[in-house]
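With my numbering applied, the sequence shown corresponds to residues 2 to 224, in that order. Encoded as structure tokens, the structure appears first; notes follow it.
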Amino acid sequence: MSESTDKRADTTRQQILNAAAHQFARLPYHKVGLDDVLADAELTKGAMYFHFRSKHALALAIIEDQAAKAKEVIAALVTRKFSGLETLIDSSYQIAVRDISEDMARAGFNLLESIGRLEGLQTQLLAGWIETLAVIADRAIAEGDILDECDPQDVARLQVSTYTGLRQTSDLDEPERFLLNLEKTWALLLPGVVRPDRIGYFTQFIRRRTAIGIGVSALAGSS
Numbered sequence: 002m003s004e005s006t007d008k009r010a011d012t013t014r015q016q017i018l019n020a021a022a023h024q025f026a027r028l029p030y031h032k033v034g035l036d037d038v039l040a041d042a043e044l045t046k047g048a049m050y051f052h053f054r055s056k057h058a059l060a061l062a063i064i065e066d067q068a069a070k071a072k073e074v075i076a077a078l079v080t081r082k083f084s085g086l087e088t089l090i091d092s093s094y095q096i097a098v099r100d101i102s103e104d105m106a107r108a109g110f111n112l113l114e115s116i117g118r119l120e121g122l123q124t125q126l127l128a129g130w131i132e133t134l135a136v137i138a139d140r141a142i143a144e145g146d147i148l149d150e151c152d153p154q155d156v157a158r159l160q161v162s163t164y165t166g167l168r169q170t171s172d173l174d175e176p177e178r179f180l181l182n183l184e185k186t187w188a189l190l191l192p193g194v195v196r197p198d199r200i201g202y203f204t205q206f207i208r209r210r211t212a213i214g215i216g217v218s219a220l221a222g223s224s
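This is the structure we're talking about:
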């Protein structure tokens with residue numbers, strides 16, 4: 002294919018993904034039909050099946066897209082001048098704001114929960130997320146913020162489990178409430194993993210991140 006044809010194909014594929022993410026972010030997997038996606042994308046079935054063989058294949062592509070972007074978010078944070086624990090905390094807020102404001106992020110999480118157990122995809126992606134955070138947690142231990150007796154894998158698993166659980170018990174459609182619940186969760190976690198003399202600093206850090214997250218989410222909601 003020519004370069005212009007390749008670009009058109011890429012544009013069409015992204016158009017389908019965006020339309021599907023819009024549907025999956027709002028509806029359960031079983032309630033989303035391909036006709037709804039195609040109507041949203043304003044494309045034909047031929048265009049759809051050229052890129053995706055089925056609704057399942059389309060859903061898997063969204064999960065993989067979301068997972069790749071989440072990795073990019075964390076990788077970008079690691080390059081900044083934050084400490085290890087600041088990076089762990091900020092990563093949860095960055096992911097939460099994307100989950101609140103971006104269809105692709107929310108659809109990816111929704112689909113990971115609903116169909117991700119198939120083919121072991123949920124286990125694989127969550128394990129990868131834990132491994133990434135464990136490296137950062139290990140740095141936080143070396144820096145003296147997280148207690149020496151904490152296992153980095155356990156800290157990372159706790160963070161991942163807490164966030165995925167919060168999605169079930171809070172409400173992403175109420176951004177301020179969701180982010181305040183995330184703040185309360187961190188406030189409860191800190192005494193179990195952080196040196197007592199550092200808890201005050203990180204409590205303030207979390208409050209600032211909550212305020213920033215609420216502001217960013219409000220801007221995204223008004224655009």
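Idealized CB from N, CA, C, for every residue including glycine.
Looking at residue i: is its Cβ nearer than 8 angstroms to the Cβ of residue j?
| i | j | result |
| --- | --- | --- |
| residue 211 | residue 181 | yes |
| residue 160 | residue 93 | yes |
| residue 38 | residue 20 | yes |
| residue 254 | residue 104 | Nothing about residue 254 can be read from this structure; the chain reaches only from 2 to 224. |
| residue 151 | residue 142 | yes |
| residue 1 | residue 18 | Residue 1 lies beyond the range of the chain shown here (2 to 224); nothing can be said about it. |
| residue 196 | residue 148 | yes |
| residue 95 | residue 74 | yes |
| residue 110 | residue 168 | yes |
| residue 190 | residue 163 | yes |
| residue 13 | residue 52 | yes |
| residue 101 | residue 173 | yes |
| residue 26 | residue 118 | no |
| residue 15 | residue 41 | no |
| residue 60 | residue 112 | yes |
| residue 215 | residue 176 | yes |
| residue 144 | residue 222 | no |
| residue 90 | residue 30 | no |
| residue 146 | residue 199 | yes |
| residue 56 | residue 28 | no |
| residue 71 | residue 179 | no |
With DSSP as the reference, please indicate the residues paired to residue i in a beta bridge.
| i | result |
| --- | --- |
| residue 142 | None; residue 142 has no bridge partner. |
| residue 217 | Residue 217 pairs with nothing; no bridge assigned. |
| residue 74 | Partner(s): none; residue 74 has no beta bridge. |
| residue 194 | Residue 194 is not bridged to any residue. |
Is DSSP giving residue i helix, strand or coil here?
| i | result |
| --- | --- |
| residue 147 | strand |
| residue 161 | helix |
| residue 79 | helix |
| residue 33 | coil |
| residue 54 | coil |
| residue 99 | helix |
| residue 135 | helix |
| residue 177 | helix |
| residue 152 | coil |
| residue 172 | coil |
| residue 48 | helix |
| residue 43 | coil |
| residue 14 | helix |
| residue 212 | helix |
| residue 69 | helix |
| residue 84 | coil |
| residue 9 | helix |
| residue 199 | helix |
| residue 28 | coil |
| residue 204 | helix |
| residue 21 | helix |
What span of residues does the alpha helix (DSSP H) with residue i cover, start to end?
| i | result |
| --- | --- |
| residue 113 | 104-115 |
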